[in-house]
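Asker:
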Amino acid sequence: EGRGEVAANTIAGAQLLFQALTGLRPGEPGCLRLDARYAEGRPAPGHRYPVTLEGKPRELLAVQRLKGGINPAVEVHPALAAFLGRWLPYVRATWPETTFFFPDPADPARPFIDPEDTRKRLNTRLNAAAAALGLPERHPHAMRAFYVRVRRSQGFRDAGIAEELGQGSGPKEIVRCYGDPRGIFGDGQFDWMPTAAVRPAWELLTEKKKTNVIG
Numbered sequence: 043e044g045r046g047e048v049a050a051n052t053i054a055g056a057q058l059l060f061q062a063l064t065g066l067r068p069g070e071p072g073c074l075r076l077d078a079r080y081a082e083g084r085p086a087p088g089h090r091y092p093v094t095l096e097g098k099p100r101e102l103l104a105v106q107r108l109k110g111g112i113n114p115a116v117e118v119h120p121a122l123a124a125f126l127g128r129w130l131p132y133v134r135a136t137w138p139e140t141t142f143f144f145p146d147p148a149d150p151a152r153p154f155i156d157p158e159d160t161r162k163r164l165n166t167r168l169n170a171a172a173a174a175l176g177l178p179e180r181h182p183h184a185m186r187a188f189y190v191r192v193r194r195s196q197g198f199r200d201a202g203i204a205e206e207l208g209q210g211s212g213p214k215e216i217v218r219c220y221g222d223p224r225g226i227f228g229d230g231q232f233d234w235m236p237t238a239a240v241r242p243a244w245e246l247l248t249e250k251k252k253t254n255v256i257g
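Next comes the structure, spelled out in structure tokens:
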């Protein structure tokens, strides 16, 4: 059950959700380890730790940036905390031998998407899902764009979003890649969580399957 195509699709879906919640590039979640601690005086990718930002207690998750990204952590905001609260116990229960947040179900000693590979397996599964829903082609990197749209919708300015994404070139790069924020800044139209009538997909992970009972 933990090594077939269903398992691979579950991993792919979870990683795409994680990218939408963090703005990480497709190759970056493969660096996150369940056993991460402090190493060489700094938190290793996958380690969660408390901080105080702008006078408020926060929690950060250490990450590994590719392409020269400069921010070594992402904030564990409430939606991300809810996802990790379901996903990580599921990973530990399903692949107890793995040390990765997103393991390869065929070889749990490796990540599902290695930071150095072409990530075709993630793209293939995303577009299979898009085709099944009658949607046009999609790309995993678009989850980064979705993160930007949510943050703009929440009233975050592009300078702060650039810092969160580790973009050293600042807000101009955000506008160049993701469009002009005028007209959408603070509009409240996008969020990571679904409407109250819809449950987040990750809540289904740890539900017990119902069995047929003959009365």
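Just so you know, we're using our numbering here: the sequence shown kicks off at 43 and counts up by one.
Where is the CB? At the ideal position from N, CA and C, for every residue including glycine.
Keep in mind the model is a prediction, meaning the values are calculated, not measured.
1) By how many angstroms is the C-alpha of Pro153 removed from the C-alpha of Ala173?
2) Could you give the DSSP three-state label for Leu164: helix, strand or coil?
3) In the DSSP assignment, what residue or residues form a beta bridge with Tyr91?
4) Pull up the distance between the alpha-carbon of Gln231 and that of Pro242, whole angstroms please.
5) Report the rounded CA-to-CA distance for Arg167 versus Glu179, giving the unit in angstroms.
6) How big is the Cα-Cα spacing for Pro92 and Ala62?
7) Quick check on Asp200: does DSSP put it in helix, strand or coil?
8) Is the beta carbon of Pro87 closer than 7 Å to that of Ala104?
9) Whose C-alpha, out of Ala171, Ser195, Asp159, Leu66, is nearest the C-alpha of Asp222?
10) Could you give the C-beta distance for Tyr189 and Gly65, rounded to a whole number, given that I count them as a contact under 8 Å?
11) Could you tell me which residues DSSP pairs with Val116 in its beta bridges?
12) Out of Glu245, Phe227, Ile226, Gly228, which has the shortest C-alpha to C-alpha gap to Met235?
Answerer: So, from the data block:
1) 26 Å
2) helix
3) Leu102
4) 18 Å
5) 11 Å
6) 22 Å
7) helix
8) yes
9) Ser195
10) 4 Å
11) Leu103
12) Glu245
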